[in-house]
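A.B. asks:
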Amino acid sequence: MRRTTIALLAALEASVAALIGLGIVLVPLMLLWAVHFGLSVDVTVFLRTAADVWLLGHGVDLELQLDAVTAARTGLPAAGDPFTITIALLGFALLSVVFGLRIGRRAAAGGHSVTGGLSATLVYAVVGAGLALAAGIDGARPSLWQGALLPAFAMALGGVIGAAAESHRAGMVTDAAGVVVRGRLAAFPPALVAGARVAVRIGAGAAFGVLALGAVLVAVLVALDYATIAGLYQALGAGIDGGIALTVGELAFVPNLVVWATAWLLGPGFAIGAGTAVSPGGTLLGPVPGIPLLGALPTDVVALGGLWLIAPVLLGFVGAWLAFPDAALRHEVHGPRAAHGAGVSWWHPLAVGAGAGGVAALVLGMLAWWSGGAAGPGRLAEVGPNAWAVAGVAAVTVGVGAIVGSYAARARGIAPGDEPGPRDRAGRPGDPEEPAPQREFIWGAER
């Protein structure tokens, strides 16, 4: 497919992604405007609010100043002073990353991943900057430079991951950027590249495994405390229209809760305001914001809560154990000496395991940093987990498990980072010179 066509299609899909994200916020706000306020309030207030929420969902800082009446109702000290909200509603960023994955995958399949990714990223940068300019008023002003960069970063992140996944899945280079990347990687020692690849697979797999456990924990807590959450909904008296808007905001906040639950599983926990702590060792809370979903927060010390630390260790161990090729396959491809681990240095498993711990620390630390921040004035300026603590615990636990698993794999005769040679459909060694089958790419078609 031609480069111009891919660029236009990627820009169109990015525009649709931005409209969907804005629509998720705008529809309940328009319902609130029509039903609750009877169309009597200026509609631009709700349009600007939708833009602010979408930008906030990508991590854009929002500077607010409450009016005197609203500040007095909050009961917080210095609530009338200007303050900045830095916490992101990660549901919107996740939506942008998912669309970026689709765009990157399709652009790579069409042979122009860089063109498609840049086109989609540029659209998001223009949309973010335009919304930051349009939504900025005296009472609420988003950061202009962050509005131009952070939504574009989410789209670019998804595009890069999608393009890389498509190139790996296809098993052949169909993209000019892939040719350049593979050419640069060929300049490094093969053992270094293979070890780094395995370390990334182990570390990323362990990190997302812990996140999956955090998601299960959130689901269990919500199910167990459903009566409390429903009671908080009734106490707010928001009505049907207000309840819909509140539920949409809570759904956008669910990814934050998953990251916080992951921080809880790792041990550091998280805070809901200055001087508070929610961790396996106990919960210390002050006044909590009136968000019904926060009714699922644990209030007591969890018995044997420290045992959760074994989860990332096991995930690192299992990932290292499974990430290496089968010994029989290595015997068939590389010969009998390779199948028994001959020539494998003693430090190779150590390096791979340490690299896996570093990757897990990077993924979970960045998510912890992105999921927290300032959620309001006063004590609410400190909300979420400590990113450095989460990254440190993840590096130690996943790293230890990956190192042990790597040495266990070496002991059974498998060298970390070895990759099998080309195989045919029956699993037999194939001809490395045999050209890969060509595919026809159609944008949006299932392959």
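Numbered continuously in the numbering used here, the sequence shown closes out at residue 799. The C-beta atom is built at its ideal place from N, Cα and C for all residues, glycine as well.
Given 8 Å as the limit, is there contact between the segment 609-617 and the segment 402-417, that is, 3 or more CB pairs closer than that?
C.D. replies: By the Cβ rule, the segment 609-617 does not count as touching the segment 402-417, because fewer than three pairs are nearer than 8 Å.
A.B. asks: Taking Cβ to Cβ, would you say Arg761 is nearer than 8 Å to Ala672?
C.D. replies: Note that residue 761 is Ala in the sequence shown here, rather than Arg. In this structure, Ala761 sits near Ala672, with a CB-CB distance shorter than 8 Å.
A.B. asks: Tell whether a beta-carbon distance below 8 Å holds between Ala472 and Ala366.
C.D. replies: yes
A.B. asks: Would Tyr476 be called buried (16 or more neighbouring beta carbons within 10 Å of its own) or exposed?
C.D. replies: buried
A.B. asks: Just list the residues that DSSP pairs Leu414 with in beta bridges.
C.D. replies: Note: Leu414 sits in a beta bridge opposite Ile437 and Pro494.
A.B. asks: Using 8 Å as the threshold, is the segment 507-520 in touch with the segment 711-728, meaning 3 or more CB pairs across them?
C.D. replies: no
A.B. asks: Near Trp406, what residues of its chain come up, given a Cβ to Cβ distance below 7 Å and the 5 sequence neighbours on each side ignored?
C.D. replies: Gly373, Leu374, Val377, Phe444 and Leu483
A.B. asks: State the beta-bridge partners of Val742 as determined by DSSP.
C.D. replies: Note: Val742 sits in no beta bridge, so no partner.
A.B. asks: Name the residue from Gly736, Ala359, Ala370 and Gly753 whose alpha carbon lies nearest to the alpha carbon of Ala663.
C.D. replies: Gly753
A.B. asks: Give the C-beta separation of Gly710 and Ala747 to the nearest angstrom, bearing in mind that I take them to be a contact with Cβ-Cβ under 8 Å.
C.D. replies: Sure, about 6 Å apart at Cβ, within 8 Å.
A.B. asks: Verify whether the separation of the beta carbon atoms of Gly736 and Gly744 is less than 8 Å.
C.D. replies: Contact flag unset, no.
A.B. asks: Could you say which of Arg400, Ala587 and Gly469 lies nearest to Leu453 if we only look at CA atoms?
C.D. replies: Gly469
A.B. asks: What is the residue span of the beta strand (DSSP E) that Leu636 lies within?
C.D. replies: Gly634 to Leu636
A.B. asks: Classify Asp404: buried if its beta carbon has 16 or more other beta carbons within 10 angstroms, exposed otherwise.
C.D. replies: buried
A.B. asks: Assuming the contact rule is C-beta atoms closer than 8 Å, Leu384 and Asp593 should be a hit. Round their C-beta distance to whole Å, please.
C.D. replies: 5 Å
A.B. asks: Roughly how far, in whole angstroms, is the beta-carbon of Leu371 from the beta-carbon of Ala597, given that I think they are within contact range, below 8 Å?
C.D. replies: In fact, because the Cβ distance is near 19 Å, the residues do not count as touching under 8 Å.
A.B. asks: Look up Val735 in the DSSP assignment and give the residues it is bridged to.
C.D. replies: Ile624 and Gly725
A.B. asks: CA-CA distance, Val600 and Leu441?
C.D. replies: 11 Å
A.B. asks: Nearest by alpha-carbon distance to Met507: which of His410, Gly555 and Gly557 is it?
C.D. replies: His410
A.B. asks: Quick check on this structure: which residue in Ala587, Ile624, Gly555 and Gly707 has the alpha carbon closest to the alpha carbon of Gly668?
C.D. replies: Gly555
A.B. asks: State the Cα-Cα distance for the pair Pro650 and Leu446, rounded to the nearest angstrom.
C.D. replies: Each residue's Cα considered, the two are about 26 Å apart.
A.B. asks: Where in the segment 357-409 do unbroken runs of the alpha helix (DSSP H), each at least 4 residues long, occur, reported from the N-terminal end onward?
C.D. replies: 395-408
A.B. asks: Measure the alpha-carbon distance for Leu646 versus Leu661 and round it to whole angstroms.
C.D. replies: 24 Å
A.B. asks: The alpha helix (DSSP H) with Ser448 in it runs from where to where?
C.D. replies: Leu442 to Ala461
A.B. asks: Can you give me the Cβ contacts of Leu666 inside the same chain, cut-off strictly under 8 Å, excluding the 5 residues immediately before and after it?
C.D. replies: Sequence-distant Cβ neighbours of Leu666 in its own chain, meaning closer than 8 Å and more than five residues away, are Gly753.
A.B. asks: Return the chain-ordered list of same chain residues with a C-beta closer than 7 Å to the C-beta of Ala359, the five sequence neighbours on each side being excluded.
C.D. replies: In its chain, beyond the 5 residues on either side, Thr467, Gly468 and Ser471 have a beta carbon closer than 7 Å to the beta carbon of Ala359.
A.B. asks: Quick check on DSSP: helix, strand or coil for Ala629?
C.D. replies: strand
A.B. asks: Does the structure place the segment 624-636 close enough to the segment 582-589 that three or more beta carbon pairs sit under 8 Å?
C.D. replies: no
A.B. asks: Can you tell which of Pro542, Leu485, Leu509 and Leu716 has the C-alpha that lies nearest to the C-alpha of Gln498?
C.D. replies: Leu485
A.B. asks: Quick one: residues in its chain with C-beta nearer than 6 Å to the C-beta of Val756, no 5 flanking neighbours on either side, listed in chain order?
C.D. replies: Phe669
A.B. asks: Please state the DSSP three-state secondary structure of Ser697.
C.D. replies: coil
A.B. asks: For Arg521, which three-state DSSP category applies?
C.D. replies: helix
A.B. asks: Among the residues of its own chain, which have a CB less than 8 Å from the CB of Pro620, if the five just before and after it don't count?
C.D. replies: Ser631, Pro737, Asn738, Ala741, Val742 and Val745
A.B. asks: Can you list, in chain order, the residues of its chain with a C-beta nearer than 8 Å to that of Phe605? Leave out the 5 residues immediately preceding and following it.
C.D. replies: Leu441, Leu442, Gly443, Ile643 and Leu645
A.B. asks: Can you give the Cα-Cα distance for Pro434 and Ile489, rounded to whole angstroms?
C.D. replies: Separation of Pro434 and Ile489 (C-alpha to C-alpha, rounded to the nearest whole angstrom) is 13 Å.
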